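Counting from 1, one number per residue, gives the positions in the sequence shown under full-length UniProt numbering.
All C-beta atoms in this analysis are idealised placements derived from N, C-alpha and C, irrespective of residue type, glycine included.
Bear in mind that the values here come from a model prediction, so they are computed numbers and not experimental data.
The structure appears right after this line, and notes come after that.
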Amino acid sequence: GFLDEQFTQLEQLQDQSNPRFVQEVVSLFFEGSLKLLDNLQTTLNKEPVDYKKLDAYLHHFKGSSSSVGAHRVKNVCITFRAFCREKMRDGCLQCLQQLKQEYNLIKNKLEDLFQ
Numbered sequence: 001g002f003l004d005e006q007f008t009q010l011e012q013l014q015d016q017s018n019p020r021f022v023q024e025v026v027s028l029f030f031e032g033s034l035k036l037l038d039n040l041q042t043t044l045n046k047e048p049v050d051y052k053k054l055d056a057y058l059h060h061f062k063g064s065s066s067s068v069g070a071h072r073v074k075n076v077c078i079t080f081r082a083f084c085r086e087k088m089r090d091g092c093l094q095c096l097q098q099l100k101q102e103y104n105l106i107k108n109k110l111e112d113l114f115q
C-alpha cells in the first residue's frame with residue numbers, strides 16, 4: 001500500500017470536534033512538499049551542489065512524509081540522503097525524479113480518498 005499505520009493513527013485522532021483534521025494535515029503536507037521539491041531542484045541545479053542544505057531539506061521531507069504515513073516517499077528520502085552523504089549528484093538527480101513520482105502517486109491516492 002501507499003500508506004502505513006501512521007495514517008491510521010492520524011485517522012484515529014480525528015473526531016466530531018475536528019472532522020477535517022486528517023484532510024488539513026494532509027493539505028499541509030502537500031503544500032510543504034511542493035516547496036521542498038522546488039528547494040531540492042534549485043539546490044541540485046546550483047554548482048557546486050550544497051549537499052548539507054540538500055540533506056537538511058531531505059531530513060525535513062522524510063519527517064513530514066513519515067508523519068502522514070507516506071512510507072514510499074520516506075524511503076526515497078532515505079536513499080536520496082545516502083547519495084547526498086556520498087556527494088553523488090547523478091544519484092541525487094535520479095532520486096529527485098523518483099521522489100516527484102512517489103509524491104504525485106500519494107497525492108493522487110489521498111485526493112481520491114478525500115472526495
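query: So, using beta-carbon positions, are VAL25 and LEU10 closer together than 9 Å?
result: yes
- prompt: What is the DSSP secondary structure of ASP4, reduced to helix, strand or coil?
  reply: coil
- prompt: When DSSP builds the beta bridges, which residues end up paired with ASP15?
  reply: ASN18
field: Rounded separation between LYS46 and LEU96 - CA only
entry: 15 Å
- request: Determine contact between the region 84 to 101 and the region 13 to 20, defined as no fewer than three beta-carbon pairs at a distance below 8 Å.
  value: no
- request: For ILE78, I'd like the list of residues in its chain whose CB is within less than 8 Å of its CB, leaving aside the five on either flank, ordered along the chain.
  value: LYS62
query: Is GLY69 buried or exposed, if buried means 16 or more other CB atoms sit within 10 Å of its CB?
result: buried
- prompt: What is the rounded straight-line gap between the Cα of VAL49 and the Cα of SER67?
  reply: 28 Å
- request: Throw me the rounded Cβ distance for the LEU93 and LEU44 pair, which I believe falls under 8 Å.
  value: 6 Å
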